[in-house]
Amino acid sequence: MGCCYSRVEREETVSHCKSRKRYMKQLVEARHAFSAAHVMYIRSLRSTGSALFHFANAEKTTHLNHHLPPEPQPILPPPPPRAPSPMPPPPPPPMSPSISSYTWTSGTASPALPPPPPPPPPPPPVISSGWDFWDPFMQQPPPPPSSRSATEEEWEATTTTGSEVVVMAGGAAASMATPASGVVGYSKETPSELAMVVSRNSKDLVEVIKELDDYFLKAADAGSHVSFLLQVPSSGFSVHSKASKMYGNGWSLSPTMWNWGSSPKLNGFGKMAHETHVSVGNFGANNGVGNGGHCSTVERLYAWEKKLYQEVKNAKTIKMEHENKAAMVRKLEMRRSDYVKTEKAKKEVEKLESQMMVASQAIESTSAEIVKLRETELYPQLIELVKGLMCMWRSMYECHQVQEHIVQQLEYLNTIPSNNPTSEIHRQSTLQLELEVQQWYQSFCNLFKAHRDYIESLTGWLRLSLYQFSRNPLSRTTEESKIYTLCEEWHLAVGRIPDNVASEGIKNLLTVIHGIVVQQTEEHKQKKKSDSAFKEFEKKVVQLRSLECKYSPYSMTESSGSSIRRTKDPVVEKRAKVEALRAKAEEEKTKHEKAVSVTRAMTLNNLQMGCPHVFQGIVGFSSVCMEVFESVYNKAKAAEQEHDVKRILP
Numbered sequence: 001m002g003c004c005y006s007r008v009e010r011e012e013t014v015s016h017c018k019s020r021k022r023y024m025k026q027l028v029e030a031r032h033a034f035s036a037a038h039v040m041y042i043r044s045l046r047s048t049g050s051a052l053f054h055f056a057n058a059e060k061t062t063h064l065n066h067h068l069p070p071e072p073q074p075i076l077p078p079p080p081p082r083a084p085s086p087m088p089p090p091p092p093p094p095m096s097p098s099i100s101s102y103t104w105t106s107g108t109a110s111p112a113l114p115p116p117p118p119p120p121p122p123p124p125p126v127i128s129s130g131w132d133f134w135d136p137f138m139q140q141p142p143p144p145p146s147s148r149s150a151t152e153e154e155w156e157a158t159t160t161t162g163s164e165v166v167v168m169a170g171g172a173a174a175s176m177a178t179p180a181s182g183v184v185g186y187s188k189e190t191p192s193e194l195a196m197v198v199s200r201n202s203k204d205l206v207e208v209i210k211e212l213d214d215y216f217l218k219a220a221d222a223g224s225h226v227s228f229l230l231q232v233p234s235s236g237f238s239v240h241s242k243a244s245k246m247y248g249n250g251w252s253l254s255p256t257m258w259n260w261g262s263s264p265k266l267n268g269f270g271k272m273a274h275e276t277h278v279s280v281g282n283f284g285a286n287n288g289v290g291n292g293g294h295c296s297t298v299e300r301l302y303a304w305e306k307k308l309y310q311e312v313k314n315a316k317t318i319k320m321e322h323e324n325k326a327a328m329v330r331k332l333e334m335r336r337s338d339y340v341k342t343e344k345a346k347k348e349v350e351k352l353e354s355q356m357m358v359a360s361q362a363i364e365s366t367s368a369e370i371v372k373l374r375e376t377e378l379y380p381q382l383i384e385l386v387k388g389l390m391c392m393w394r395s396m397y398e399c400h401q402v403q404e405h406i407v408q409q410l411e412y413l414n415t416i417p418s419n420n421p422t423s424e425i426h427r428q429s430t431l432q433l434e435l436e437v438q439q440w441y442q443s444f445c446n447l448f449k450a451h452r453d454y455i456e457s458l459t460g461w462l463r464l465s466l467y468q469f470s471r472n473p474l475s476r477t478t479e480e481s482k483i484y485t486l487c488e489e490w491h492l493a494v495g496r497i498p499d500n501v502a503s504e505g506i507k508n509l510l511t512v513i514h515g516i517v518v519q520q521t522e523e524h525k526q527k528k529k530s531d532s533a534f535k536e537f538e539k540k541v542v543q544l545r546s547l548e549c550k551y552s553p554y555s556m557t558e559s560s561g562s563s564i565r566r567t568k569d570p571v572v573e574k575r576a577k578v579e580a581l582r583a584k585a586e587e588e589k590t591k592h593e594k595a596v597s598v599t600r601a602m603t604l605n606n607l608q609m610g611c612p613h614v615f616q617g618i619v620g621f622s623s624v625c626m627e628v629f630e631s632v633y634n635k636a637k638a639a640e641q642e643h644d645v646k647r648i649l650p
């Protein structure tokens with residue numbers, strides 16, 4: 001029996017069906033992984049923008065705190081009063097300059113009697129967004145010539161200084177006369193051309209990062225329709241668990257990761273999923289997504305492929321048994337064996353022939369169901385998915401292109417140097433930013449791995465299902481040609497996308513943020529050393545004062561009418577130790593102040609270095625994605641039109 005089963009498995013048709021089933025199983029898993037990777041990438045865009053915004057706010061708070069007075073240091077306790085003496089006491093001993101000037105001047109202490117704090121600075125004026133660009137997501141008509149605002153008039157009056165970058169749709173730039181602060185965004189002159197817009201207001205770090213965050217959110221929103229087509233589950237954790245099996249530890253998440261949204265309506269994916277479904281709920285069966293969706297179609301195809309494999313294997317087993325029985329009948333007839341025995345064998349052959357006919361009909365019926373699903377559901381879904389990817393990457397390209405020019409504003413920030421230490425909240429926001437950028441990098445890499453796995457599984461299944469019995473391209477039907485051509489073009493297109501440039505840009509940003517984390521850690525360690533040295537110094541000062549009170553009548557080098565000298569003066573020794581501790585505390589304080597200065601300078605410098613590379617890479621990447629999916633979609637629609645023309649013509 002085992003030998004017969006092995007022979008059946010080696011049969012070409014059975015082997016082909018087994019491979020088809022394997023590819024379809026891979027496609028089911030790849031669709032799950034693609035769906036998971038997509039939602040994780042969309043979430044990482046939101047979380048990265050939000051984490052950047054929180055980080056910038058913490059950095060701004062650090063600079064604002066620089067202008068506030070430090071907290072007063074507790075006054076050192078005065079020396080205890082001496083007991084009364086029958087003789088008038090000698091004048092008090094002169095305190096050495098080094099002891100009398102022991103007033104700590106670190107960022108956490110002040111003189112014993114600090115001046116009253118100045119009134120808080122007035123709140124900054126509320127200004128509208130300084131980016132005058134064409135928002136590709138919100139069309140606005142230009143104002144009439146007769147209603148120019150004072151900002152506009154000031155802009156016109158200052159167009160003779162500075163430089164301006166004119167950005168066209170293809171990314172070319174030219175130099176023109178503009179204000180000195182002029183980093184540019186977009187405005188729309190023609191439907192097919194993106195032209196220049198100048199930032200009319202100088203910005204601080206938070207305002208620039210807020211602009212970036214807004215476009216991270218818009219880029220994430222651009223993936224909503226693809227999320228619907230891929231049927232992303234409403235629960236992100238079920239997606240996460242499946243993705244973990246596919247891609248391992250790269251999917252580890254922060255418990256607070258999805259609570260960072262800048263906009264309340266974007267917090268939590270369940271809310272986003274609901275809004276997404278409403279926005280695309282008008283897509284019906286005409287798009288191939290109304291019969292249970294892509295997930296249901298792929299899983300039903302897998303069920304039919306499993307059924308087909310069993311039926312083909314069963315048919316091959318019956319055929320092999322029929323061949324054996326038929327050979328036996330021939331031998332019995334040649335030998336003119338017992339009539340009853342021969343007739344019995346003939347009936348068994350006839351029964352097997354009937355079973356073969358039933359098995360063949362079952363195979364045809366199952367194959368017809370697969371073809372029906374492939375042509376009426378799968379193909380329209382694939383067309384819609386390619387269209388969705390094309391539109392998604394076009395919108396993301398526009399968003400990232402705006403971001404690429406927003407980050408140029410970082411170069412022109414007028415930040416007042418600050419020596420204020422990094423707060424604990426600031427350290428935590430930096431660690432969170434590092435985590436989110438790491439997740440962005442990982443989810444970006446996973447997205448295109450999952451995408452490639454998906455299209456490779458789909459194309460592999462189509463190759464076997466369309467050419468199972470014939471490798472002649474001329475034998476293909478028109479419908480088969482359309483779906484096969486679509487997937488082959490798609491497969492080749494994904495292979496041409498250079499995702500390594502964009503991923504390296506994100507990785508570079510991760511590196512510079514990690515540098516800030518390391519520097520903040522060093523600053524924190526140095527602060528602990530400085531605080532510890534100060535506490536030790538303060539403790540010894542108190543002990544010295546107590547000792548001076550105790551030995552004061554005898555510890556003076558000279559006194560009125562007396563020239564008593566001590567061979568071993570404990571006060572002098574104590575003063576020497578206190579002086580050494582003072583020097584050490586001052587040294588540690590200086591190191592801490594230097595570490596703070598390095599941190600403040602490194603923060604802005606690293607953002608200026610890392611951010612432009614990220615958006616340059618992601619702009620180029622999204623541009624290529626937009627173009628390749630547009631090419632795949634246009635070729636598919638052209639093939640459909642050609643098919644329709646041939647069907648109409650006689």
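Residue numbers (UniProt numbering): 1 to 650. Beta carbons are placed, not taken as given, at the ideal position from N, Cα and C, and that holds for glycine.
Asked	Found
Span separating the alpha-carbon of Ser227 from that of Gly293	12 Å
Glu299 beta carbon less than 8 Å from that of Thr48	no
Extent of the continuous alpha helix (DSSP H) run through Asp213	205-221
Within the stretch 374-440, ranges of the alpha helix (DSSP H) (whole runs, at least 4 residues)	379-406
First and last residue of the uninterrupted alpha helix (DSSP H) at Val541	499-551
Same chain, Cβ closer than 6 Å to Glu548, five either side skipped, listed in chain order	Val571
DSSP-derived helix/strand/coil call for Ile231	Note that residue 231 is Gln in the sequence shown here, rather than Ile. The answer is coil: DSSP assigns Gln231 none of H, G, I, E or B.
Nearest to Gln231 (by Cα), restricted to the options Val28, Glu630, Lys210	Val28
N- and C-terminal bounds of the alpha helix (DSSP H) containing Glu299	293-335
Phe621 beta carbon less than 8 Å from that of Asp499	yes
At least three beta-carbon pairs within less than 8 Å, the stretch 513-533 to the stretch 483-497	no
Environment of Arg545 [buried if 16+ CB atoms lie within 10 Å]	buried
7 Å Cβ shell around residue 704 - same chain, five flanking residues per side excluded	There is simply no residue 704 to check, as the chain begins at 1 and stops at 650 in what is shown.
CB-CB length for Ser44 against Tyr397, believed under 8 Å	Going by Cβ atoms, the distance from Ser44 to Tyr397 rounds to 18 Å, so no, they are not a contact pair.
Reference Lys589, options Gln608, Phe444, Glu538, Phe534, closest by Cα	Phe534
Residues near Cys17 in its chain [Cβ-Cβ closer than 7 Å; skip 5 each side]	Leu308, Tyr309, Val312
Exposure of residue 663, with buried meaning 16 or more beta-carbon neighbours within 10 Å	Only positions 1 to 650 of the chain appear in the structure, and residue 663 is not among them; the question remains open.
Under 8 Å between C-beta atoms of Cys399 and Ala222	yes
Reduced DSSP secondary structure (H/G/I, E/B, other) of Asp453	helix
Stretch-stretch touch, CB-based, cutoff 8 Å, three pairs: the stretch 535-542 with the stretch 438-452	no
Close-in-space but distant-in-sequence residues of the same chain around Glu207 (CB under 6 Å, 5 per side omitted)	none
Contained alpha helix (DSSP H) runs [length at least 4] in the UniProt domain "DUF630" (1-59), N- to C-terminal order	2-10
Own chain, CB closer than 8 Å to Lys60, minus 5 neighbours either side, in chain order	Asp204, Leu205, Val206
Residues near Ala30 in its chain [Cβ-Cβ closer than 6 Å; skip 5 each side]	Asp453, Tyr454, Ser457
DSSP three-state assignment for Ser443, whether helix, strand or coil	helix
Exposure label - Gln432; buried when at least 16 CB within 10 Å	buried
Inter-residue spacing [alpha-carbon to alpha-carbon] between Val596 and Cys391	46 Å
Cut-off 6 Å between Cβ atoms - residues of its own chain near Ile483, not counting five sequence neighbours on either side	Tyr379
Buried versus exposed, by CB contacts within 10 Å (16 or more), Arg10	exposed
Residues near Val14 by beta carbon distance below 7 Å, same chain, minus five either side	Val8, Val312, Lys313, Lys316
Option nearest Leu332 by Cα separation, candidates Thr459, Thr342, Thr297	Thr342
Cutoff 8 Å; reference Glu523; Cβ partners in own chain excluding five residues on either side	Pro421, Thr422, His592, Ala595, Val596, Val598, Thr599
Test: Glu538 CB closer than 8 Å to a CB of chain C	In the structure shown, chain C does not exist; there is a single protein chain.
Sequence-distant residues of its chain with Cβ nearer than 8 Å to Val349 (five each side left out)	His322, Lys325, Ala326, Val329
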